[in-house]
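A.B. asks: Quick one: the structure is below, questions incoming.
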Amino acid sequence: MNVIIAGSPRKGRYSDRIAEKIKETIGGEIIHARDLSVGQCIACGYCKGKGNGSCFQKDDMQDVIGKVREAECVIIVSPIYWWQLTGTIKPIIDRLYALRAEEWKGKKLAFVLNGSETNENDREYALLRDQGKEMADYIQAEYAFLGVGTADDEEEAFSRTLEKVRDFALTL
Ligand SMILES: Cc1cc2nc3c(=O)[nH]c(=O)nc-3n(C[C@H](O)[C@H](O)[C@H](O)COP(=O)(O)O)c2cc1C
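Here it is in structure tokens:
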């Protein structure tokens, strides 16, 4: 099972279409971060202690954590905001801290990020690729990254981007 967590606050645009393309290509469930009510991780340590992998906050994250636990591949799809993932998706990533390292082992973690920078060799994609790799190494998950530029509002250019997304998804 693939879990696709999509982090754009903007409905129906690039990230949403990228998430749909991944689902169409390899299947899975799309979870839109913007639709969830998720509290901030407060670093209380409950999930690592008494909570034994569960958070004290009983919100939409309970369902997400359950799905991620079952998933073979977790795909984070997000626009790039200020050289980072969006604030919409970040609380979800933080709350995934509840998963024990051994629960990540053998799973694949993929980042598919889009920014208005169309030069895909730009340093922002390299920075984000490396940042994701550090996370994946820490939890001992397999890692894959795709960064795409989506500035050109032309449908034709974006359809080529979606082909790249499809090819990448097939490698997961
Ligand atoms: C607040 C903000 C910050 C942004 N920062 C970056 C950035 O650092 N690098 C970049 O390439 N694009 C940046 N962008 C452009 C978005 O990443 C781009 O428009 C993206 O395709 C939006 O995805 P969406 O269509 O799913 O909303 C930024 C956009 C916003 C609104």
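Here this note's numbering runs 254 ahead of the position in the sequence shown, where the first position is 1.
From the three backbone atoms N, C-alpha and C, an ideal C-beta is built for every residue, glycine too.
(1) Kindly give me the distance between the Cβ atoms of K362 and E396, rounded to whole angstroms, as I take these residues to be in contact under 8 Å.
(2) Please report the straight-line C-alpha distance between A398 and G341, rounded to a whole angstrom.
(3) Are the CB atoms of V257 and E283 nearer to each other than 8 Å?
(4) Tell me the rounded alpha-carbon separation between A352 and R288.
(5) For R271 and I347, what's the separation of their Cα atoms in angstroms?
(6) If distances are taken between C-alpha atoms only, which option among I393, F365, W337, E357 comes closest to R377?
(7) If you draw a straight line from the C-alpha of K302 to the C-alpha of A411, how long is it?
(8) Could you give the residue range of the alpha helix (DSSP H) that holds A411?
(9) Note the first and the last residue of the continuous beta strand (DSSP E) segment covering A273.
(10) By Cβ distance below 7 Å, which residues in the same chain neighbour V322 in space, the five residues on each side in sequence not counted?
(11) Going straight from the alpha carbon of L367 to that of C295, what length do you get?
(12) According to DSSP, I330 sits in a beta bridge with which residue or residues?
(13) Beta-carbon of E356 versus every beta-carbon of chain D: anything under 8 Å?
(14) Along the chain, where does the alpha helix (DSSP H) that runs through D318 open and close?
(15) Would you give the residue range spanned by the beta strand (DSSP E) that Y397 belongs to?
(16) In whole angstroms, give me the CA-to-CA distance for S291 and A380.
(17) E369: beta carbon under 7 Å from a heavy atom of ligand 1?
C.D. replies: Per the coordinate set shown:
(1) Between K362 and E396, the beta carbon gap of about 4 Å places them in contact (Cβ cut-off 8 Å).
(2) A398 and G341 have their alpha carbons spaced roughly 22 Å apart.
(3) Against a cut-off of 8 Å, the Cβ pair of E283 and V257 comes out as a contact.
(4) Cα to Cα, A352 sits roughly 20 Å from R288.
(5) Roughly 21 Å between the two C-alpha positions.
(6) Comparing Cα-Cα distances from R377 to each of I393, F365, W337, E357, the minimum goes to W337.
(7) Cα-Cα distance, rounded: 45 Å.
(8) 409-423 is the extent of the alpha helix (DSSP H) around A411.
(9) Counting along the chain, A273 falls outside any beta strand (DSSP E), though it belongs to the alpha helix (DSSP H) covering 268-280.
(10) In its chain, beyond the 5 residues on either side, V257, V328, L350, L353 have a beta carbon closer than 7 Å to the beta carbon of V322.
(11) In a straight line, the C-alpha of L367 is about 23 Å away from that of C295.
(12) I330 pairs with I259, F365.
(13) Here chain D cannot be found, since the structure has a single protein chain.
(14) Sequence inspection shows Val at residue 318; the Asp mentioned does not correspond to that position. DSSP places V318 inside the alpha helix (DSSP H), whose first and last residues are 315-324.
(15) Judged by DSSP secondary structure, Y397 falls within the beta strand (DSSP E) whose first and last residues are 396-403.
(16) Put simply, the backbone Cα of S291 is about 31 Å away from that of A380.
(17) Note that residue 369 is Gly in the sequence shown here, rather than Glu. Answer for G369: yes, Cβ within range of ligand 1.
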